[in-house]
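195 is the number that numbering that gives the first Met the number 0 gives to position 196 of the sequence shown; each next residue is one higher, with no gaps. Read through the structure below, which is laid out as structure tokens, and then see the notes.
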Amino acid sequence: MSTAVAAPREGSFKAPIYVFVTIAGVAAGLTLLYLGMRAVMDIGGACADGGPYVPRVSCPQGVPLAMFGGIWGGLIMCGLYAVVSIRYRVPSFLGFAWPALFVSLGWNFIDFGIDPPGDMGLVWGWLICGALFMLMGAGPLLVVLKPVLRSFNRRPEDRPVGLLEPVKSMRTQALDSMFQKMSTAEQAAGGDAGPDLVTKLERLERLHRGGSLSEAEYTAAKEKLLGGA
């Protein structure tokens with residue numbers, strides 16, 4: 000009987016790396032979009048660069064790239080994160096992406112609507128947009144919150160690929176070895192199996208009472224003896 004520990008399944012070490020990289024990419028995309036929007040709203044909410052006309056307000060340095068990278072990079076990383084989660088059967092936070100996007104952008108609208116740059120006073124257009132964005136984010140959040148959290152409390156048989164295969168305990172292996180030796184001795188003696196079976200059961204009882212065998216191990220060993228008698 001082999002007592003070697005089973006090797007991890009293929010991809011067991013790649014899975015956490017892929018999950019971390021893709022979810023970090025999603026978070027980075029959301030962050031870039033959030034900060035880029037704040038930079039634009041800090042100069043009045045509109046800017047432009049290039050084209051045939053001279054813009055009234057130029058965009059802050061790096062904002063166009065941040066917005067472009069936040070939108071397209073975030074979408075690409077969301078797709079990759081979904082693929083990785085399905086491939087390795089790991090619980091996914093992807094359901095929180097939509098609420099995170101709209102709640103964060105809604106907060107920008109509300110924050111700058113209450114305290115806009117300059118002496119603009121309350122900006123009701125921004126406040127209304129902020130309220131709508133908050134509703135668009137909070138509504139789906141209430142829907143996906145319970146399923147996402149439930150996915151982290153799955154049964155053991157549904158756990159992700161990449162965990163070590165279960166192996167027999169050392170005590171169970173030693174017990175199997177003892178049974179094999181006793182069976183070999185019985186075959187060599189050519190005697191009646193009745194007394195040997197009683198002896199085996201008595202030994203099991205002593206091991207169980209002494210704490211060397213757990214209840215589950217004792218029951219399994221007893222059933223194995225009686226089944227092979």
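Using N, Cα and C, we set each Cβ at its ideal position, and we do this for glycine too.
Rounded straight-line distance, which links the Cα of residue j to that of residue i
i	j	result
F132	W125	10 Å
V20	M76	9 Å
I85	V102	26 Å
E214	N152	27 Å
P155	V89	Per-residue confidence for P155 stands at a pLDDT of 46, beneath the threshold of 50, marking its modelled position as unreliable; no derived number is given.
R205	E222	16 Å
G24	L64	16 Å
I22	P59	28 Å
S150	A137	20 Å
A130	L104	10 Å
I16	T218	42 Å
G35	A26	14 Å
S134	D110	Ser is not the amino acid found at residue 134; the sequence shown has Leu there. Going from the Cα of L134 to the Cα of D110 covers about 16 Å.
L100	G78	15 Å
G117	L141	37 Å
8 Å contact criterion, which residue i and residue j should meet: CB distance rounded
i	j	result
G94	V143	4 Å
A14	Y87	4 Å
G73	L29	6 Å
V62	V39	6 Å
P139	W71	With 8 Å as the limit, P139 and W71 do not qualify as a contact, their Cβ atoms being about 22 Å apart.
Residues near residue i in its chain [Cβ-Cβ closer than 6 Å; skip 5 each side]
i	result
V122	G112 and P115
F229	Residue 229 lies beyond the range of the chain shown here (0 to 228); nothing can be said about it.
C128	F108
H207	Y217
Cβ shell of residue i (< 8 Å), same chain only, five flanking positions each side left out
i	result
V56	I42, G43, A45, C46 and A47
V147	P90, S91, F92, G94 and F95
L224	F178, L196, K199, L200 and L203
G120	none
Nonlocal neighbours in the same chain, by C-beta distance under 7 Å from residue i, ignoring five residues either side
i	result
R37	N107
L32	M66, G69, I70 and G73
K145	none
V83	Y17, V18 and T21
P165	Reliability of the predicted coordinates at P165 is poor, the pLDDT of 45 falling under 50, and the value obtained from them is presented with this limitation in mind. Closer than 7 Å at Cβ, skipping near neighbours: no residue.
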